[in-house]
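Residue 3 in numbering that gives the first Met the number 0 sits at position 4 of the sequence shown, with consecutive numbering throughout.
Using N, Cα and C, we set each Cβ at its ideal position, and we do this for glycine too.
Everything on this sheet refers to the single structure shown next.
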Amino acid sequence: MTAALASGSLEDRSLEELEASLDRRFLPPEAYSHLAGDDWPQDGPVAADADAQRRFARDLLGPVFLQFCQRLHLATVAFAERDARLLFAARGGLRLRLLYELWCERTGTVPVLPVGDILISRVAAAKGCLEQDFERVAPMLVKEFAAGSLGYMLRCLLRGRGIDLPDVLAHCPVKPDSFAAVYHADDALGRAVRAYFAEQADALSAYLDELLDGVKTPVLVDSGWTGGTQALLMRHFPQWDWHGLYFGRWDYGRGPGPHFGHIFGVAVDSLEPYANGPGQALFAYHHLIEDPLEIAAPSVEGYRLEAGRGLPEGGAIDPAVLPPGADDAMFQGIVDHFRSPAGAGDFMAVERRAHAAYRRLRRMILWPRASELPGMQVRPRSADFGRSLSVPVLLRLPDASLKRRLKSVGAALWKPGQMVVAFPRLHHLVNGGGYLLRRIPFAGRHVDAALRRGTGLARRVLGRLLR
Numbered sequence: 000m001t002a003a004l005a006s007g008s009l010e011d012r013s014l015e016e017l018e019a020s021l022d023r024r025f026l027p028p029e030a031y032s033h034l035a036g037d038d039w040p041q042d043g044p045v046a047a048d049a050d051a052q053r054r055f056a057r058d059l060l061g062p063v064f065l066q067f068c069q070r071l072h073l074a075t076v077a078f079a080e081r082d083a084r085l086l087f088a089a090r091g092g093l094r095l096r097l098l099y100e101l102w103c104e105r106t107g108t109v110p111v112l113p114v115g116d117i118l119i120s121r122v123a124a125a126k127g128c129l130e131q132d133f134e135r136v137a138p139m140l141v142k143e144f145a146a147g148s149l150g151y152m153l154r155c156l157l158r159g160r161g162i163d164l165p166d167v168l169a170h171c172p173v174k175p176d177s178f179a180a181v182y183h184a185d186d187a188l189g190r191a192v193r194a195y196f197a198e199q200a201d202a203l204s205a206y207l208d209e210l211l212d213g214v215k216t217p218v219l220v221d222s223g224w225t226g227g228t229q230a231l232l233m234r235h236f237p238q239w240d241w242h243g244l245y246f247g248r249w250d251y252g253r254g255p256g257p258h259f260g261h262i263f264g265v266a267v268d269s270l271e272p273y274a275n276g277p278g279q280a281l282f283a284y285h286h287l288i289e290d291p292l293e294i295a296a297p298s299v300e301g302y303r304l305e306a307g308r309g310l311p312e313g314g315a316i317d318p319a320v321l322p323p324g325a326d327d328a329m330f331q332g333i334v335d336h337f338r339s340p341a342g343a344g345d346f347m348a349v350e351r352r353a354h355a356a357y358r359r360l361r362r363m364i365l366w367p368r369a370s371e372l373p374g375m376q377v378r379p380r381s382a383d384f385g386r387s388l389s390v391p392v393l394l395r396l397p398d399a400s401l402k403r404r405l406k407s408v409g410a411a412l413w414k415p416g417q418m419v420v421a422f423p424r425l426h427h428l429v430n431g432g433g434y435l436l437r438r439i440p441f442a443g444r445h446v447d448a449a450l451r452r453g454t455g456l457a458r459r460v461l462g463r464l465l466r
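Right, dumping it as structure tokens:
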């Protein structure tokens, strides 16, 4: 017995040593991002003002989210006789559910559909669908880890399985063909990778079978934007009639996907007849919608089988993280608006306040003033897999060179705001011109496309001149 215990201890120790070795050998991309010139200081150029953020969210984001909840309720009427369930998707969708239920409470409204949650993410769905459709799903999964190495990607997928990785993978870029070579290889690593994705497929299928028992029409609710997760579910689980009611529907200028007929932008939609409505300015700074909905809980990275049940890795999300916390000034401001007399307003009053808020937001997002940045700056964004773990919305310039200024505008998450930081004297002309061009009736999509091409060309030309 003593020998058996010692053997078990040695096995545990050897596994721990292997895991530690893998951590040392396959570093996350932020460990060497400075080699690509991405060494932006972690602290932003403008200190956020929590009081200003709360006022901004109460006065402008609150009316927008209130209108969303009102319109969401109206949209659910279309699914009333279809054995449907309204499923709020983790993570951001869980706070949308909190707001929707608060709106129902304030207005005395009863939801039309049964309400529930679905713990899923784009990465978790891709893992569960890859085995049956490798050629189509692999590029989506690879994209999530594109900033790192193939070794780091496999390290993340196979963590805790005791599978060693060749050192050469630490220098191998993450591309569909390199991932395919590992996945289809007839060796221990290839078999381990295939076994992992087979387990993910079984676990996701079991999770959905239990969640959607008795449901024919799952209706997903989330911030948006393209419905990529829903597209995977529609293609690989056609036994359900999937639909999505998102805060916004956005095609990123690439045109609608084949699943766009099953998703609807409840608050804003990039496919309206003219793409320069006031609300569409949010696409230039969509983090104003995403950040308040962020909760202090990790994304769902996959699923596991336990006694025949499919369960999210990491377990259920604690409801205590949903209400506003100490670092949730913007979400607190939104909740303040819902709890104000305006939160119980009639339909037309809610629509009027939202439309007025959108008009002010359009100017502040596209043509911001320096004094407005502290109240509009959201928290550093948690990046996707394979990218830096903390991304400031506005970038502090490590030097004042023109090359750095131009690069900062291209890299920043809120480009008009970064123009104010990088070009204190020129930003009025550049941002103001873009703002006025976007207001030309029926020309918004063409203006946005022209501005993207023009600024991209200007950065490339100046980059060559400044080498």
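Of the residues the options, the one placed nearest residue i, counting alpha carbons only
i	options	result
His258	Val267, Ala266, Asp240	Asp240
Arg496	Asp201, Asp335, Val214, Gly61	Because the chain here runs from 0 to 466, residue 496 falls outside it and cannot be looked at.
Ala328	Val377, Phe337, Gly313	Val377
Glu16	Gly159, Lys174, Leu101	Gly159
Val114	Pro138, Val122, Ala83, Glu104	Ala83
Tyr245	Ala88, Asp212, Asp201, Ser20	Ala88
Leu436	Arg368, Lys406, Arg362, Pro323	Arg362
Ser269	Gly243, Asp290, Gln279, Leu140	Gln279
Leu412	His286, Phe337, Leu188, Arg303	His286
Tyr475	Pro340, Asp132, Leu321	Because the chain is modelled from 0 through 466, residue 475 falls outside the range shown and cannot be assessed.
Gly344	Tyr357, Gly276, Thr106	Thr106
Phe78	Leu304, Arg121, Val214, Glu143	Val214
Pro277	Leu97, Arg57, Ile364, Pro423	Ile364
Cys171	Ile162, Asp186, Gly161, Val141	Val141
Phe422	Tyr434, Gly433, Ala369, Ile439	Ala369
Leu85	Ala46, Pro367, Gly243	Gly243
His235	Thr75, Ile262, Gly264, Asp201	Asp201
Coarse secondary structure for residue i, derived from DSSP in three states
i	result
Pro237	coil
Asp268	strand
Leu226	Going by the sequence as given, residue 226 is Gly instead of Leu. Of the three classes helix, strand and coil, the one that applies to Gly226 here is coil, per DSSP.
Gly298	Inspection of the sequence shows that residue 298 is occupied by Ser rather than by Gly. Three-state DSSP puts Ser298 in coil, outside helix and strand.
Glu143	helix
His285	coil
Thr108	coil
Asp221	strand
Ser13	helix
Ala191	helix
Leu365	helix
Gly247	strand
His258	coil
His183	coil
Ser148	strand
Pro291	helix
Pro27	coil
Pro323	coil
Phe263	strand
Pro397	coil
Ser204	helix
Phe422	coil
Contact check, residue i vs residue j, beta carbons under 8 Å
i	j	result
Arg53	Gln331	yes
Pro397	Arg404	no
Thr228	Ala124	yes
Leu401	Val420	no
Val63	Ala266	yes
Leu164	Leu156	no
Met375	Phe55	yes
Leu360	Gly416	no
Leu95	Val220	yes
Gly189	Phe25	no
Own chain partners of residue i with C-beta closer than 6 Å, once the 5 adjacent residues on each side are dropped
i	result
Phe196	Leu129, Glu130
Trp224	Gly247, Trp249
Val136	Ala125, Cys128, Leu129
Ala230	His258
Lys414	Val408
Gly342	Arg105
Residues that residue i bridges to, as DSSP identifies them
i	result
Arg308	Glu305
Gly473	Residue 473 lies beyond the residue range present for the chain, which begins at 0 and ends at 466; the question has no answer from this structure.
Arg378	According to DSSP, which records beta bridges pairwise, Arg378 is partnered with nothing at all.
Val390	Arg380
His242	Val218
Pro172	Ser148
Cβ neighbours of residue i in the same chain (closer than 8 Å, five flanking residues each side left out)
i	result
Val109	Cys103
Pro297	Gly313
Pro138	Pro175
Leu425	Met418
Nonlocal neighbours in the same chain, by C-beta distance under 7 Å from residue i, ignoring five residues either side
i	result
His33	With a pLDDT of only 43 at His33, under the threshold of 50, the placement of this residue in the model should not be trusted; the figure read from the coordinates follows. Nothing meets the Cβ criterion.
Pro93	The sequence shown places Leu at residue 93, rather than the Pro named in the question. Phe87, Asp116, Ile294, Ile316, Leu321.
Gln66	Ala266, Val349, Glu350, Ala353
Residue i: CB within 7 Å of a non-hydrogen atom of the ligand MG
i	result
Leu97	Among the components of this structure there are no ligands whatsoever, and the ligand MG is therefore not found.
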